[in-house]
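In the working numbering, the protein residues as written are 640 to 972.
Structure representation (structure tokens):
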């Protein structure tokens, strides 16, 4: 589908956090009938509550899905208005299946001047395989838009760093990335986010869409394999190398994928590449996350749909909390 134009690894907070949340999300999906994913309304513990100007309270602690009594440290309430602006707090209008994204989802990318050459390669492959498909480009700093004037389907936007703490300007922390994903997902409902280093090698992405569209038609999931069975399967399966149609068919039948899909396997697990500080805010099952099946995926190539679980269980934590709390809360970036 796509490959890295320049191979690079980012053992950063953003990728680690997103994958941890995705892993926990998949581990704890119910068997049997598929139900609307909604957060059960329970009293918010006082130590976890943040309130807005209308005295509406929101839970700013991450809760371990498999054991709701285990909660992480509360995130800062300071940026609650920004979370509301990004659509990360009120989700009553969202469904589990998402809106109609049968029309082409919007492409989104972001880069600074020093990555413009890579970005031109990305845009060329979009033009080759998708024609004049609408692309939103976020300028992270000093991009000369005249270099891209031949492609009329691009819309350039400046990322407004002034709306965020000063440490956002350190681009290699990648805090801007989930913010951009949240902004565009709120605007368009379904997006492809890609780093400037991505290039496409084909134009048919329908097999990816089916991993989310199955939510509309699958009424019953096959039983989830036991932990022992999944560990055995992992031990007998070679590491990922390209697309496997048999695995894809299994995934469609099970329909357990999140509506936030990452596509580039890093070649290593989550645990070795994650700062221990993260787990103070995002508690996890350390037995499971140290196993080979807990693989880390790159955050630079994502297909996302604005579903209830995407916002409540993934982006709310990723964007709304760890990304914009003070740098002093972490040693991971």
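Quick reminder that beta carbons are idealized off the backbone N, C-alpha and C, glycines included.
Residue 934, enclosing beta strand (DSSP E) - first and last residue: Boundaries of the beta strand (DSSP E) harbouring residue 934: 934–936, taken from the DSSP string.
Three-pair Cβ contact test at 8 Å for the stretch 856–875 versus the stretch 766–773: Output reads no: the stretch 766–773 does not touch the stretch 856–875.
Neighbourhood of residue 709 by C-beta, 6 Å cutoff - its chain only, sequence neighbours within 5 removed: If you ignore the 5 residues before and after residue 709, its C-beta comes within less than 6 Å of the C-beta of 703, 922, all in its own chain and listed in chain order.
Residue 685, buried or exposed, once every other Cβ within 10 Å from all chains shown has been counted against 16: With a threshold of 16 other beta carbon atoms within 10 Å, residue 685 falls short and is exposed.
C-beta contact flag for residue 1053 and residue 773 at 7 Å: Residue 1053 lies beyond the stretch modelled for the chain, which goes from 640 to 972, so this question has no answer here.
Residue 775 and residue 802 closer than 7 Å at C-beta: Their beta carbons are not under 7 Å apart, which means residue 775 does not touch residue 802 by this criterion.
First and last residue of the uninterrupted alpha helix (DSSP H) at residue 918: Per DSSP, residue 918 belongs to the alpha helix (DSSP H) from 917–920.
Residue environment, residue 837, which counts as buried when at least 16 other CB atoms sit within 10 Å: A residue is called buried when at least 16 other Cβ atoms come within 10 angstroms of its Cβ; residue 837 meets this threshold and is buried.
Per DSSP, cross-strand counterpart(s) of residue 787: None, per the DSSP bridge assignment.
As assigned by DSSP and simplified to three states, the class of residue 740: DSSP places residue 740 in coil when its eight states are reduced to three.
Cβ neighbours of residue 736 in the same chain (closer than 6 Å, five flanking residues each side left out): Excluding positions up to five away in sequence, the list reads 854, 855.
Where the beta strand (DSSP E) through residue 827 begins and ends: Per DSSP, residue 827 belongs to no beta strand (DSSP E); it is in the alpha helix (DSSP H), 815–827.
N- and C-terminal bounds of the alpha helix (DSSP H) containing residue 847: Run containing residue 847: 845–852, per the alpha helix (DSSP H) assignment.
Exposure label - residue 876; buried when at least 16 CB within 10 Å: With fewer than 16 other CB atoms across the displayed protein chains lying within 10 angstroms of its CB, residue 876 is exposed.
Within 7 Å, strictly: CB atoms of residue 943 and residue 899: Closer than 7 Å, so yes.
Nearest-angstrom Cα separation, counted from residue 725 out to residue 863: Rounded to the nearest whole angstrom, the C-alpha separation of residue 863 and residue 725 is 34 Å.
Buried or exposed (CB count within 10 angstroms, at least 16 for buried), residue 739: Label assigned to residue 739: exposed.
Those residues which DSSP pairs with residue 778 across a bridge: In the DSSP assignment, residue 778 forms a beta bridge with 750, 797.
Own chain, CB closer than 8 Å to residue 907, minus 5 neighbours either side, in chain order: Result list for residue 907: 934, 935, in chain order.
Range of the contiguous alpha helix (DSSP H) that encloses residue 899: Counting along the chain, no alpha helix (DSSP H) covers residue 899; the unbroken beta strand (DSSP E) around it starts and ends at 899–901.
Continuous beta strand (DSSP E) stretch holding residue 697: start and end: Membership of residue 697 in the beta strand (DSSP E) is indicated by the continuous run 696–698.
Cβ contact (3+ pairs, closer than 8 Å) linking the stretch 719–733 and the stretch 945–952: Yes, they touch.
Residue environment, residue 872, which counts as buried when at least 16 other CB atoms sit within 10 Å: Label assigned to residue 872: exposed.
Residues near residue 742 in its chain [Cβ-Cβ closer than 8 Å; skip 5 each side]: Around residue 742: no qualifying Cβ.
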